[in-house]
Each structure stands twice: as structure tokens, then as C-alpha cells.
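Colleague: Can you read through this structure? Questions will come right after.
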Amino acid sequence: MTAQDAARDPGRITSPMLIGPLVALVVLLAALFIWPHELIGASLGDFLLVTLFLGGGAAWLTGKAVARSWESYVHLVAYCALLACAVRFCHFALFQATLFDLEPLVVEFVLLASIATLGFRAMRQRQMTVQYGWMYEREGHVAWRPRRPDGD
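Each residue of the sequence shown is one higher than the last, beginning at 12 in the numbering used here.
Below you can see the structure in the form of C-alpha cells.
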């Protein structure tokens, strides 16, 4: 596969849409170990409950819904921005966190966008391999590749 073919193959395992969220999650985890209170803006339990479990679950389902409707990735980013604002409001309303604090909002957006992107890719992989099974085959849980001839 040439470099030009790889650039046109969005389903590959080394796609920026897969590498980007994974790198963002690793950087986010490293930053959370260094500056935990400044970045999450709430207690660890509040962050885990509201941001990770509730917001992360909603982000995963949002990613799947956007992919299921064949919408573009730009729509997913816009929905994640709205979801991050909603999660920030839940922290404010339930746990008296500051509403207009930039660092926790950015952390929540990066986390939710990464989770939503992985949900988007999981659904898109299923769509590509089921609806275009004659053309693509699975490569892991979130990637697909062109179907190889039976002789290879």
C-alpha cells in the first residue's frame, strides 16, 4: 500500500481518528496525575460519576448515533462541545463547582470527544463491514481494511 493509498483509507488502524483520541487520553491522564484538582475542578468521585460514567456513556452513545446516521465527524465535535457544557453545568448544579472555569471544561471536552470518537469508529467499522462486506473486512474493534482476495 502506497502512502497515497494509506491517506485515502480512513479505516486503517493507524488512522488519525484512532491515534488522536488515544494520545489525547494518555496526555490527559498524565496531566491529571500532575494537576488533579486544577484540571477536574471537583472531587475525584464527582468527576468519575458525572464526567466519566454519565458524560462518557452519553458521549459513547452520541458517537454511535452520529455514525449510525452517516453524519460527518464535524457534527460529532459540535455535539461533544454541547455535552461538555452540559456536564459542566451538572457539576455546577449538583456539586457547587464553578460554572465558567476553562480548565475543567477543556478537560471534559477532550475526554468526551475522545470517548465519542471511539464510539463513532466502533459503529462506523460495523457499518462498513456489514453493509459493504463484499468490499471490507474487520481489523480489530474499531478499524476495517479492504477485503483481501481468497488466495492471499
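Even glycine gets a Cβ: it sits at the ideal position worked out from N, Cα and C.
Span of the alpha helix (DSSP H) holding tryptophan 71?
Modeller: Translated into positions along the sequence shown, residue 71 becomes position 60. That run of the alpha helix (DSSP H) goes 67-79.
Colleague: In terms of alpha-carbon separation, which member of Tyr143, Ser80 and Val121 lies closest to isoleucine 51?
Modeller: Counting from 1 along the sequence shown, the entry for residue 51 is found at position 40. If we check each option's Cα against that of isoleucine 51, Val121 comes out closest.
Colleague: In three-state terms, what does DSSP make of proline 21?
Modeller: For the purposes of this step, residue 21 is taken as the residue at position 10 of the sequence shown. Coil, per DSSP.
Colleague: From Leu87, Ala104, Ala133 and Ala69, pick the residue whose C-alpha is nearest to that of glycine 151; which is it?
Modeller: Taking the first residue of the sequence shown as position 1, residue 151 is located at position 140. When each option's Cα is compared against that of glycine 151, the closest is Ala133.
Colleague: Look up tyrosine 90 in the DSSP assignment and say whether it is helix, strand or coil.
Modeller: One-based indexing of the sequence shown puts residue 90 at position 79. It is helical.
Colleague: CA-CA distance, isoleucine 24 and glutamine 136?
Modeller: Within the sequence shown, the letter at position 13 stands for residue 24. Within the sequence shown, the letter at position 125 stands for residue 136. Going by the C-alpha atoms only, they are around 11 Å apart.
Colleague: Determine the DSSP secondary structure at glutamate 148, reduced to helix, strand or coil.
Modeller: The sequence position of residue 148 within the sequence shown is 137, counting from 1. Glutamate 148 falls in the strand class under three-state DSSP.
Colleague: Leaving aside the five residues before and after proline 27 along the sequence, list all residues of the same chain whose C-beta is less than 6 Å from its C-beta, in chain order.
Modeller: Here residue 27 refers to the residue found at position 16 of the sequence shown. Hits under 6 Å: none found.
Colleague: With DSSP run on the structure shown, which of helix, strand or coil describes glycine 162?
Modeller: To locate residue 162, count along the sequence shown from 1; it is residue 151. Caution is warranted here: a pLDDT of 49 is assigned to glycine 162, below 50, making its placement in the model unreliable, and the coordinate value is therefore given only provisionally. Glycine 162 falls in the coil class under three-state DSSP.
Colleague: Per DSSP, what are the beta-bridge partners of proline 157 in this structure?
Modeller: Position 146 of the sequence shown holds residue 157. DSSP lists Tyr147 as partners of proline 157.
Colleague: How is the alpha helix (DSSP H) around phenylalanine 58 delimited, first residue to last?
Modeller: Counted from its first residue, the sequence shown places residue 58 at position 47. Counting along the chain, phenylalanine 58 falls outside any alpha helix (DSSP H), and DSSP gives it neither H nor E.
Colleague: Name the residue from Arg156, Gln142 and Arg99 whose alpha carbon lies nearest to the alpha carbon of leucine 59.
Modeller: The residue labelled residue 59 in the question sits at position 48 within the sequence shown. Residue Arg99 is the option with its Cα nearest to leucine 59.
Colleague: Check the C-beta distance from proline 32 over to serine 125 and give it rounded, since I have them as a contact under 8 Å.
Modeller: Indexing the sequence shown from 1 puts residue 32 at position 21. Indexing the sequence shown from 1 puts residue 125 at position 114. Indeed they touch by this definition, with Cβ atoms about 4 Å apart.
Colleague: Would you mind reading off the limits of the alpha helix (DSSP H) that contains phenylalanine 64?
Modeller: One-based indexing of the sequence shown puts residue 64 at position 53. That residue, phenylalanine 64, is in no alpha helix (DSSP H); it is neither H nor E in DSSP.
Colleague: Counting only the same chain and skipping the five closest in sequence on each side, list residues whose C-beta sits under 6 Å from that of alanine 35.
Modeller: Position 24 of the sequence shown, counted from the start, is the residue given in the question as residue 35. Closer than 6 Å at Cβ, skipping near neighbours: Val121 and Ser125.
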